[in-house]
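Line by line, the protein sequences are chains A and B. Taking the numbering used here as reference, the numbering of the first sequence is continuous, increasing by one, and the terminal residue is 501. Taking the numbering used here as reference, the numbering of the second sequence is continuous, increasing by one, and the terminal residue is 501. Using N, Cα and C, we set each Cβ at its ideal position, and we do this for glycine too. These notes are about the structure you will find just below.
2 protein chains.
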Amino acid sequence: MEVTADMKISTRVELGIVALADIAVNSEKGNTVSSAEIAERQNISQKYLEQIVLGLRQGGFVKGQKGSHGGYVLTRPAEKIFLSEILNALDNNILADTYEADDDQENNNIRASVNSCLWGNINNYMRRFTEQMSLADLIKECQNETTEKKNYMYYI
Amino acid sequence: MEVTADMKISTRVELGIVALADIAVNSEKGNTVSSAEIAERQNISQKYLEQIVLGLRQGGFVKGQKGSHGGYVLTRPAEKIFLSEILNALDNNILADTYEADDDQENNNIRASVNSCLWGNINNYMRRFTEQMSLADLIKECQNETTEKKNYMYYI
DNA sequence: AATAAATCATAGCAAATTCATAGGAATAAA
DNA sequence: TTTATTCCTATGAATTTGCTATGATTTATT
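Laid out in structure tokens, this is it:
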């Protein structure tokens, strides 16, 4: 994800989280959730969705059951899936661990600092925020949408 | 900036901030700073830099003096230029004011919430952070790079 | 065994975006 | 008039993104 490119979420990441939340909500009794169901509920092209869910499976969040009456279930409870993990799986650029200094050290003091001060700071916030927010938290927030938003406090 | 895609800064924004900082630092006695100077100091293609500085001028941060011995100077002190303004000028997606709900309200409760909860939160942080950090602050941090990093606290 | 329903995997493509390169017009100082 | 600079626009290659499409594979059901 480029903070560039826009502080705008990519469709892939957005739909990935949506799909995972949909699976979490609709597989509560152990039944599987098919991509066709998700596609209809969330109004997404099914084939496109399948590609995205592929990433979720490769990331280890869901497992798929092939065949008739197949579908997806979570591999672990939504309380133990953190948004940071999802972002890393679906978009490996979005959460960089570190911003390494540039190689030629002579002239780019300013340039290196822009990265470390500004983006490092924002990236740290984003990482911490997503590391502490689980899929279950997100779903809870969806259900409480009308209630007052909490204030979060973070040390950066 | 797409948190998509990557939480990675675009070259344009990065070089824009770098160029502006360079101008701020090197025009202290009222002298102009030419794009050739900046390009050499920061090791950037001059022609590419000119395009970026064009955006800075259109954003009202610098004014250019044409002709021999021309160059750029800030239009106001670095203390009064905030990073949020630069981001908005160079990348109009990076700091969205709001995340408007999607149009068809029936099925996409989850989808709307992903945007408002997750990206709204991160975007708010980013906006507040960049609204309170001036170009002068950034330059100061560059000069204190070896010193211990401060901890910032924010309410989101 | 046959059928149907679903995942799984890959290829491809149009549009947009990004990162530059290039050429030259306009302007101002010397 | 020369030189140095900003200013402006066109162009293109490479990448990314969002999406469509095709079909192989697997499993449950009849």
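Cβ distance (whole Å) where residue i is taken to contact residue j below 8 Å
i: Q387/A; j: R456/B; result: 6 Å
i: A364/A; j: L399/A; result: About 11 Å; that fails the 8 Å criterion.
i: Y417/B; j: V378/B; result: 5 Å
i: F406/B; j: E476/B; result: 16 Å between Cβ atoms; not a contact.
i: V358/A; j: L432/A; result: 6 Å
i: D367/B; j: I383/B; result: 5 Å
i: R402/B; j: S429/B; result: Actually they do not touch by this definition, with Cβ atoms about 18 Å apart.
Test: residue i CB closer than 9 Å to a CB of chain A
i: I362/B; result: yes
i: N466/B; result: yes
i: V459/B; result: yes
i: L483/B; result: yes
i: Q450/B; result: Note on Q450/B: pLDDT 47, under 50, position unreliable in the model; the coordinate value appears next. So no, Q450/B is outside the interface.
i: G404/B; result: no
Residue i classed as buried or exposed, judged by whether at least 16 other C-beta atoms fall within 10 angstroms
i: A381/A; result: exposed
i: N466/A; result: buried
i: N468/B; result: buried
i: S413/A; result: exposed
i: G361/A; result: buried
i: S390/A; result: exposed
i: E451/A; result: Reliability fails at E451/A, whose pLDDT of 49 lies under 50, so the model's placement of it is uncertain and the value that follows must be treated cautiously. So E451/A ends up on the exposed side.
i: E385/B; result: exposed
i: T356/B; result: exposed
i: E424/A; result: exposed
i: G415/B; result: exposed
i: N376/A; result: exposed
i: E373/A; result: exposed
i: N489/A; result: exposed
Any chain B beta carbon closer than 9 Å to residue i
i: Y393/A; result: no
i: T475/A; result: yes
i: L463/A; result: yes
i: I397/A; result: no
Contacts that residue i makes with chain B (C-beta to C-beta distance below 8 Å)
i: Y417/A; result: Going along chain B, no residue has its Cβ under 8 Å from Y417/A, so there is no contact; the nearest lies around 15 Å.
i: L428/A; result: L463
Contacts that residue i makes with chain A (C-beta to C-beta distance below 9 Å)
i: L480/B; result: None at all; the shortest Cβ gap to chain A is about 11 Å.
Chain-ordered neighbours of residue i on chain A, where CB pairs are closer than 7 Å
i: I431/B; result: Within 7 Å Cβ-Cβ: nothing; I431/B doesn't reach chain A, min ~10 Å.
beta-carbon residue i near the ligand NAD non-hydrogen atom, thresh 8 Å
i: E424/B; result: In the structure on display, the ligand NAD does not appear, and there are no ligands present to speak of.
If the cut-off is 7 Å on Cβ atoms, which residues from the region 359 to 391 of chain B count as contacting chain A, listed in chain order? Result list: E359, I362, V363, A366, D367, R386, Q387 and N388.
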